[in-house]
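Right, one structure below, let's go through it.
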């Protein structure tokens, strides 16, 4: 049985590089994730340069990180029975993550995330969800939810209706079984689209919340980060606000723990930094580490990802953490 | 119309890293390319770690390099109408290469090359040819062959019968039209399987021949490189012997031109080094450069490829050459 069970989008990333004007010229907001339909995905892909295909998906990246840290994670998400679906399933299993949801034979193809990396290392994502949207309640393994220490949910997946219902069901099972529920706000656009739902989740359904500064500000519709963090403190038992190169703040038990960012030799591609931070933090939590150590493990995992293309770890994260934290 | 037209395998590379014992344990000869059937491809893929999918194919990599150097190349090869076929077609066009062969709707899937990179940067390739084998005489654009300065052929593609017939047809058209014919020996296993054909090609059908030391020794069944090069000199008008970190030797007009290798900061993955060397050399030749300069351009392009995963250039090769050669 897994220690951490994640539900998320099962995506293959298509990574290319371009200058910022490319994004501007095609009306794509830099640094965010937006959903696109099949025809728009085709149009954008045609405009993009030659790519690298590397398995992705936010929570899927997190659990790949947890496995690389020595944990025993599992993943629930939907791919189609096609080549990119095979790639996703192969890669997540090869990373050491249990993945048992069967590939869909009919229906839309495996989802993909078109990622443009600009010279500053920033990533701009346009996602065609495809088969991801077909994840439903029946795909949630009740026993696995009950047996896990932590259920981790991706805010991105709150958008399509069937996966949302699947996540609601999983939350109900988790709370009845004493499984901790962790949730990431994922993106400002997700918060804008589901602010009421997200606030409601925080008010009693979620034990650990992850968000970056912009997401937290949007959640409470304020421009005052201090006020937003004070608001957060009254809701989630543990809230983690990530601040890129400024590190992270963990809010819990009436206290704020400030953790600086790990050094990064060269920023190549920030895709997956938030995912790996969350994965590292949750792995620490499942191991019973202090909250400060959890945030440092998250920071170490995030720093590794930033140094190369792709959002899955390429180094021995367990050894990196052992070297820095012991 | 293209300046250089290449015929080759249309493959998507699946790149993973592993230690040398992984290859030994699974009976895979390190540093070579071997063909595998669909079931063996599935078995090996299941054993491999998480991968990166990046468009490849030997001659396809060469023409991607030629485009990055400022040339106008075209490519002939077969993909299927599936996701990996879309990826291949997208990437080669995005790289600036004309590619007009339609994707096959029926038949085997797009071919893929399972590449294991060992810590020394060496690559070991297991290729499932799939749709590549379905390339036939009808796919050769006669006018394009006639209009090109150079027709470039990949020895790997001599193995399956339909592509071999297509290449024989293209050679005939090229020789009648005054288009130069360039050919790469590709791999020791190719030379061993087609030694008589390859020797025959060199004796009157090929103007420029590329091979590494092992391939040239195998071609003339000798352990004496000097003897093999003397033999070569009596056949191909221009023969280029690549020697990895020892550089290259160009044999032409009774002379040997020795060109040292370009410096490489860090060897990450040698996949494509030979392909990019050939691409750079042919681009120089099409531009009317001296043979020594052709070899240096090849070396610069090869050195760029060795510094990252994947066999397609990621830097501005034209600028690199301008900075080093003017």
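Chains as they are written, first to last, in the working numbering: chain A, 1 to 326; chain B, 327 to 652.
Heads up, the beta-carbon is just placed ideally off N, CA and C, and yes, glycines get one too.
Using only the alpha-carbon positions, how far apart do residue 52 of chain A and residue 210 of chain A sit?
Residue mapping note: residue 52 of chain A aligns to position 52 of the first chain, counting from 1. Residue mapping note: residue 210 of chain A aligns to position 210 of the first chain, counting from 1. Spanning the two alpha carbons is a distance of roughly 28 Å.
Can you pull the chain B neighbours of residue 48 of chain A, defined as C-beta to C-beta under 9 Å?
Start at 1 with the first residue of the first chain, and residue 48 of chain A comes out as number 48. 416 and 420, listed in chain order.
Looking at the ligand COA, does it come within less than 8 Å of residue 620 of chain B, judged from the CB to the closest heavy atom?
The ligand COA is absent from the structure shown, which contains no ligand whatsoever.
Could you check the C-alpha separation between residue 502 of chain B and residue 104 of chain A for me, to the nearest Å?
Along the second chain, read from residue 1 onward, the residue named residue 502 of chain B stands at position 176. Along the first chain, read from residue 1 onward, the residue named residue 104 of chain A stands at position 104. Near 53 Å, if we compare the C-alpha coordinates of residue 104 of chain A and residue 502 of chain B.
How about residue 488 of chain B and residue 461 of chain B: do their beta carbons lie closer than 9 Å?
In the second chain, the residue the question calls residue 488 of chain B occupies position 162. In the second chain, the residue the question calls residue 461 of chain B occupies position 135. It is a contact, given that the beta carbons lie within the stated cut-off.
Residue 335 of chain B vs residue 516 of chain B beta-carbon contact at 9 Å:
As a first step, residue 335 of chain B must be located in the second chain, where it is residue number 9. As a first step, residue 516 of chain B must be located in the second chain, where it is residue number 190. Their beta carbons are not under 9 Å apart, which means residue 335 of chain B does not touch residue 516 of chain B by this criterion.
Quick one: is residue 54 of chain A near chain B, going by C-beta distance under 9 Å?
What you label residue 54 of chain A is simply residue 54 of the first chain in a count that begins at 1. In terms of beta-carbon proximity, residue 54 of chain A lines the interface with chain B, with at least one pair separated by less than 9 Å.
Kindly identify the DSSP beta-bridge partner or partners of residue 53 of chain A.
Taking the first chain and counting its residues from 1, the one referred to as residue 53 of chain A is at position 53. A:14 and B:379, per the DSSP bridge assignment.
Would you say residue 530 of chain B faces chain A, with C-beta separation under 9 Å as the test?
Here residue 530 of chain B is taken as the residue at index 204 of the second chain, counted from 1. No, residue 530 of chain B does not count as interfacial toward chain A.
For residue 225 of chain A, would you say it is in contact with chain B, using Cβ-to-Cβ distances shorter than 9 Å as the test?
Locating residue 225 of chain A in the first chain gives position 225, counting from the first residue. Under the Cβ distance rule, residue 225 of chain A does not count among the residues neighbouring chain B, no pair being separated by less than 9 Å.
Minimum Cβ-Cβ distance from residue 638 of chain B to chain A less than 9 Å:
Here residue 638 of chain B is taken as the residue at index 312 of the second chain, counted from 1. Yes, its Cβ sits closer than 9 Å to a Cβ of chain A.
Residue 381 of chain B versus B:368, B:584, B:418 and B:596, residue with shortest Cα-Cα distance
Working through the second chain from its first residue, we reach residue 381 of chain B at position 55. For the residues B:368, B:584, B:418 and B:596, the minimum Cα distance to residue 381 of chain B belongs to B:418.
Relative to the C-alpha of residue 614 of chain B, which candidate in B:550, B:589 and B:506 has its C-alpha closest?
Within the second chain, the letter at position 288 stands for residue 614 of chain B. Selected option, being the one with the closest Cα: B:506.
Could you list the residues in the stretch 347 to 378 of chain B with a C-beta less than 8 Å from some C-beta on chain A, going in chain order?
Flagged, chain order: 371, 372, 374, 375, 376, 377 and 378.
Rounded C-alpha distance that separates residue 198 of chain A from residue 324 of chain A
If you number the first chain from 1, residue 198 of chain A lands on position 198. If you number the first chain from 1, residue 324 of chain A lands on position 324. Each residue's Cα considered, the two are about 35 Å apart.
Within 9 Å of any Cβ in chain A, is that where the Cβ of residue 340 of chain B sits?
Within the second chain, the letter at position 14 stands for residue 340 of chain B. Residue 340 of chain B counts as touching chain A.
Could you check what DSSP says for residue 581 of chain B in three-state terms: helix, strand or coil?
Position 255 of the second chain, counting from 1, holds the residue named residue 581 of chain B. It is a strand residue.
Starting from residue 590 of chain B, trace the alpha helix (DSSP H) in both directions and tell me its first and last residue.
Locating residue 590 of chain B in the second chain gives position 264, counting from the first residue. If you look at residue 590 of chain B, you'll find it isn't in any alpha helix (DSSP H); DSSP assigns it neither H nor E.
Considering Cα atoms alone, identify which of A:250, A:311 and A:44 is closest to residue 261 of chain A.
For the purposes of this step, residue 261 of chain A is taken as residue 261 along the first chain, with counting starting at 1. It is A:250 whose Cα lies nearest to the Cα of residue 261 of chain A.
Chain B residues whose Cβ lies nearer than 9 Å to that of residue 316 of chain A:
To locate residue 316 of chain A, count along the first chain from 1; it is residue 316. Residues of chain B whose Cβ lies closer than 9 Å to the Cβ of residue 316 of chain A do not exist; the shortest such Cβ separation is about 12 Å.
CA-to-CA distance, residue 473 of chain B to residue 265 of chain A, given in whole angstroms:
By one-based count along the first chain, residue 265 of chain A stands at place 265. By one-based count along the second chain, residue 473 of chain B stands at place 147. So the two alpha carbons sit approximately 49 Å from each other.
Quick check on DSSP: helix, strand or coil for residue 454 of chain B?
The residue given as residue 454 of chain B occupies position 128 in the second chain. Residue 454 of chain B: strand per DSSP, three-state reduction.
DSSP three-state label for residue 278 of chain B, please.
A query on residue 278 of chain B cannot be resolved here, the shown segment of chain B reaching from 327 to 652 and no further.
Would you identify the three-state DSSP class for residue 1 of chain A, choosing helix, strand or coil?
The residue given as residue 1 of chain A occupies position 1 in the first chain. Note: residue 1 of chain A maps to coil in three-state DSSP.
Would residue 437 of chain B and residue 389 of chain B qualify as a contact pair, given that the criterion is a beta-carbon distance under 9 Å?
Residue numbering aside, residue 437 of chain B sits at position 111 when the second chain is read from its first letter. Residue numbering aside, residue 389 of chain B sits at position 63 when the second chain is read from its first letter. In this structure, residue 437 of chain B keeps its C-beta atom at 9 Å or more from the C-beta atom of residue 389 of chain B.
On the premise that residue 253 of chain A lies in contact with residue 281 of chain A, defined as a C-beta separation below 8 Å, what is that separation, rounded to the nearest angstrom?
Translated into the one-based positions of the first chain, residue 281 of chain A becomes position 281. Translated into the one-based positions of the first chain, residue 253 of chain A becomes position 253. In fact, because the Cβ distance is near 16 Å, the residues do not count as touching under 8 Å.
Please list, in chain order, the chain B residues whose beta carbon lies closer than 8 Å to that of residue 327 of chain A.
Here chain A comprises residues numbered 1 to 326, so residue 327 of chain A is not present and cannot be evaluated.
Start and end of the alpha helix (DSSP H) containing residue 525 of chain B?
Looking up residue 525 of chain B in the second chain gives position 199. For residue 525 of chain B, the enclosing alpha helix (DSSP H) stretches over residues 521 to 528.
On the CB-based measure, 16 or more other CB atoms within 10 Å of its CB, does residue 350 of chain B come out buried or exposed?
In the second chain, residue 350 of chain B corresponds to position 24, counting from 1. Exposed, by the Cβ-count rule.
Based on Cα-Cα distance, which residue from B:555, B:451 and B:327 lies nearest to residue 637 of chain B?
Residue numbering aside, residue 637 of chain B sits at position 311 when the second chain is read from its first letter. Nearest C-alpha to residue 637 of chain B: B:451.
State the start and end residues of the unbroken beta strand (DSSP E) segment that holds residue 76 of chain A.
Locating residue 76 of chain A in the first chain gives position 76, counting from the first residue. In the DSSP annotation of this structure, the continuous segment of the beta strand (DSSP E) that includes residue 76 of chain A starts and ends at 73 to 76.
Looking at the strands, I want to know which residues DSSP matches up with residue 80 of chain A.
What you label residue 80 of chain A is simply residue 80 of the first chain in a count that begins at 1. Residue 80 of chain A pairs with A:104.
Round the Cβ separation of residue 558 of chain B and residue 542 of chain B to the nearest angstrom and send it over; I've been treating them as touching at under 8 Å.
Taking the first residue of the second chain as position 1, residue 558 of chain B is located at position 232. Taking the first residue of the second chain as position 1, residue 542 of chain B is located at position 216. Residue 542 of chain B and residue 558 of chain B do touch by the CB rule: their CB atoms are close to 7 Å apart, below 8 Å.
Any idea if residue 322 of chain A is buried or exposed, counting beta-carbon neighbours within 10 angstroms, 16 or more meaning buried?
In the first chain, residue 322 of chain A corresponds to position 322, counting from 1. Flag for residue 322 of chain A reads exposed.
So residue 49 of chain A and residue 17 of chain A are in contact, right, with Cβ under 8 Å, and what is the actual spacing, rounded?
By 1-based counting over the first chain, the position of residue 49 of chain A is 49. By 1-based counting over the first chain, the position of residue 17 of chain A is 17. Going by Cβ atoms, the distance from residue 49 of chain A to residue 17 of chain A rounds to 7 Å, so yes, they are a contact pair.
Could you pull the DSSP bridge partners for residue 111 of chain A from this structure?
Taking the first residue of the first chain as position 1, residue 111 of chain A is located at position 111. Beta-bridge pairing links residue 111 of chain A to A:11.
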